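Notes follow the structure.
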Amino acid sequence: PDWQASVQKELDQHLKDTGRDLPAIEDKNKLVKTSAFLTEVMRFRCTDPLTVPHTCTNDTMLQGHRIPKNATLCVNLRSIMMDESYWGDPFVFRPDRFIADDGTLKKDERVIIFGKGKRVCAGEALGRMSTFLLFAGLTAHLSFFLPPGDPVPDTEGVTGFTLGPPPFRIIAKRRNHSSHC
199 PDWQASVQKE LDQHLKDTGR DLPAIEDKNK LVKTSAFLTE VMRFRCTDPL TVPHTCTNDT
259 MLQGHRIPKN ATLCVNLRSI MMDESYWGDP FVFRPDRFIA DDGTLKKDER VIIFGKGKRV
319 CAGEALGRMS TFLLFAGLTA HLSFFLPPGD PVPDTEGVTG FTLGPPPFRI IAKRRNHSSH
379 C
């Protein structure tokens with residue numbers, strides 16, 4: 199709830215300043231809290247715990263382990279996103295870890311949910327753009343709550359081909375701010 203209010207305040211001010219009803223993709227770097235929140239969501243519960251399979255093109259040594267040519271490899275993204283030696287407190291949802299001291303968005307090379315290098319997902323830009331626009335647009339105009347008496351859903355997720363949420367109910371309530379719409 200605190201982060202929802204913080205993101206909504208940022209969106210309200212930005213939309214008021216720009217005179218627009220909805221955020222645009224060019225606003226992404228200006229909406230630091232919104233972008234940091236989304237980055238933390240992707241880090242905290244990446245939907246694909248493993249990358250797509252890759253094939254080793256040469257006999258390789260990695261940290262003392264021999265990986266033969268033509269071996270099939272998958273990167274354990276969940277392990278990277280939850281590495282305590284890197285993140286310190288990976289099991290704490292903390293979007294401010296992606297906000298630099300000067301208030302700008304901090305990029306982190308460890309958030310590789312779309313892969314890395316020449317094998318990065320071809321849809322990364324589209325995925326990030328559409329997620330930002332959908333989240334920012336909905337959050338600018340709606341507040342989200344659990345129904346009274348409903349438990350907080352388990353954030354561990356339901357494992358299948360991808361990681362998804364368990365069934366839960368939510369209330370989406372139109373915000374009465376009208377300062378920018």
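The sequence shown: position 162 = 360 (our numbering), numbered continuously. Even for Gly, the Cβ is constructed at its ideal location relative to N, Cα and C. All of these numbers come straight from a predicted model, not from anything done at the bench.
Going by DSSP in three states, V309 sits in which element: helix, strand or coil?
In this structure, V309 counts as coil in the three-state DSSP scheme.
Would you say P365 and G355 are within 9 angstroms of each other, going by their C-beta atoms?
no
Beta-carbon within less than 7 angstroms of L220's beta-carbon, same chain only, minus the 5 sequence neighbours each way: which residues are those?
These residues qualify, in order along the chain: G335 and A338.
Considering only residues of the same chain and omitting the five flanking positions on each side of A269, which have a CB-CB separation below 8 angstroms?
T253 and C254
Consult DSSP for T329 and reduce its assignment to one of helix, strand or coil.
Per DSSP, reduced to three states, the secondary structure at T329 is helical.
Helix, strand or coil at R372 according to DSSP, with G and I counted as helix
Note: R372 maps to strand in three-state DSSP.
Spatial neighbours of L275 in its chain, beta-carbon cut-off 8 angstroms, leaving aside the 5 residues before and after
C244, D246, P247, L248, T249, I310 and I311
What are the residues that DSSP puts in a beta bridge with M259?
As computed with DSSP, M259 is found in a beta bridge with R264.
What would DSSP say about V350, mapped onto helix, strand or coil?
If DSSP states are grouped into helix, strand and coil, V350 belongs with coil.
Could you tell me the boundaries of the alpha helix (DSSP H) in which L275 lies?
Run containing L275: L275 to M279, per the alpha helix (DSSP H) assignment.
Among all the DSSP beta bridges, which residues are the ones paired with L303?
I297
According to DSSP, what are the bridge partners of T253?
T270
Starting from L209, trace the alpha helix (DSSP H) both ways and give me its first and last residue.
Run containing L209: D200 to T216, per the alpha helix (DSSP H) assignment.
Under 8 angstroms: do the stretch 343-357 and the stretch 215-230 share three or more Cβ pairs, one atom per stretch?
no
Is the beta carbon of D257 closer than 9 angstroms to that of P266?
The beta carbons of P266 and D257 sit closer together than 9 angstroms.
Environment of K231 [buried if 16+ CB atoms lie within 10 Å]
Counting Cβ neighbours within 10 Å, K231 comes out buried, since at least 16 surround it.
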